[in-house]
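Residue numbers (the numbering used here): 10 to 265. For each residue, glycine too, the CB sits at the ideal point set by N, CA and C. Here is the structure we will look at.
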Amino acid sequence: MAVRERDKNDVLESPWLSQQAMAQLFRGELSRSDTWRTRLDTTTNWALTTTAAVISFGFASAESSHVTFLVGIWMVVSFLLIEARRYRYYDLWNRRVRLLEDGWWAPMLRREPVDPDALRELALELERPQIQLSLFSAISTRLNRAYGPILMVLMMTWFVKVYSHPKPPVDLDEFLLRARVAWIPGELVTAILLMLTLTASYLFISSFFIRAPLGELRTRPRGRRAALWESFYRPYAIHTRRRPTRRPRPSSTTEH
């Protein structure tokens, strides 16, 4: 009988997935995630340095213009948009790390089968990388983490500068007259800052209610027995692990 030769393209054998290969994949994705996380820290440091410089220069003398604070607000908003874009890329690589941890390493530590859904989603991410986090979600997350307090400080210092230098205004018209910038009227400057404050406040508050990205860390839900005030002096006032109870040893009896 003639032996039927099989074409190599007809039957494709599935490659053997070794632990060494998964370890190398995990190491590579973790390195990418750490690189983009470092870029986020760099942009945040720029925003903090700019805020400190603007406040120091703006309150150095009574003759200093409030335009300094407006330039600082514009720079911090620009840093926020840059960091939101970087955070979307960071979420892409961090998502892969979390899928590896959740689908491969965690079941191995529990001595359970791997999660096929997580590995299937990881395969799709490796085959066709796509940014899944929206721009507004990235801005909302970064406002929650760092930029919300920074913008709040800049807005408050601008208001204090316009209101108190050189002396408090008599009425609202005088305040709006001080808020003008060259040929731009004070009403328009105040309206823009007010819209920016409302938008940032909405995104900041909504970040507490929307679902966090896959790589974000959130605190565990507190137990019923743990009161809220306990979190001020107890670092782990959530669910305490139960220690295994030791069985009492049987008492040895001596026969006489």
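Helix or strand or just coil, what does DSSP make of Ile193? Here the question's residue 193 lines up with position 184 in the sequence shown. The answer is strand: DSSP assigns Ile193 an E or B state.
Could you pull out every residue in the same chain whose Cβ sits closer than 6 Å to the Cβ of Thr53, ignoring the five residues on either side in sequence? The count along the sequence shown starts at 1 and reaches residue 53 at position 44. If we look at Thr53 and ignore the five residues flanking it on each side, its Cβ neighbours are Ala155.
Can you name, in chain order, every residue of its own chain whose Cβ lies under 8 Å from the Cβ of Tyr99, other than the five neighbours on each side? Along the sequence shown, one-based indexing puts residue 99 at 90. Closer than 8 Å at the Cβ level, and outside the excluded window around Tyr99, lie Ser42, Trp45, Arg46, Arg48, Leu49, Gly224.
With a threshold of 7 Å on Cβ separation, who are the neighbours of Gly81 within its own chain once the five nearest residues in sequence on each side are excluded? Counting from one through the sequence shown, the residue named residue 81 turns up at place 72. Hits under 7 Å: Thr59, Thr60, Val63, Leu163.
Determine the direct distance from the alpha carbon of Arg151 to that of Ala188, and round the result to whole angstroms. The residue given as residue 188 occupies position 179 in the sequence shown. The residue given as residue 151 occupies position 142 in the sequence shown. Rounded to the nearest angstrom, the two C-alpha atoms are 29 Å apart.
What span of residues does the alpha helix (DSSP H) with Leu101 cover, start to end? Working through the sequence shown from its first residue, we reach residue 101 at position 92. It spans 76 to 109 - the alpha helix (DSSP H) in which Leu101 sits, taken as one unbroken run.
Selected residue, minimal CA-CA separation from Ser173, among Leu79, Gln139, Ser73, Phe88: In the sequence shown, counting from the first residue as 1, residue 173 sits at position 164. Checked all of Leu79, Gln139, Ser73, Phe88; the closest Cα to Ser173 is Ser73.
State the DSSP-derived secondary structure class of Ala319, mapped to helix, strand or coil. In this structure the chain extends from 10 to 265, so residue 319 is not present and cannot be described.
Our contact map puts Glu38 next to Trp102 with C-beta atoms below 8 Å; I'd like the distance itself, whole angstroms only. Taking the first residue of the sequence shown as position 1, residue 38 is located at position 29. Taking the first residue of the sequence shown as position 1, residue 102 is located at position 93. That belief holds up - the Cβ atoms of Glu38 and Trp102 are roughly 6 Å apart, short of 8 Å.
Counting only the same chain and skipping the five closest in sequence on each side, list residues whose C-beta sits under 7 Å from that of Val76. Within the sequence shown, residue 76 is the residue found at index 67, counting from 1. Here the set comprises Val190.
Quick one: what's got a C-beta closer than 8 Å to Pro175's C-beta in the same chain, skipping five residues either side? Counting from 1 along the sequence shown, the entry for residue 175 is found at position 166. Here the set comprises Ala71.
Selection from Glu110, Leu90, Trp83 that minimises the alpha carbon distance to Arg36: By one-based count along the sequence shown, residue 36 stands at place 27. Selected option, being the one with the closest Cα: Glu110.
Quick one: residues in its chain with C-beta nearer than 6 Å to the C-beta of Pro178, no 5 flanking neighbours on either side, listed in chain order? Here residue 178 corresponds to residue number 169 of the sequence shown, with the count starting at 1. Closer than 6 Å at the Cβ level, and outside the excluded window around Pro178, lie Phe184.
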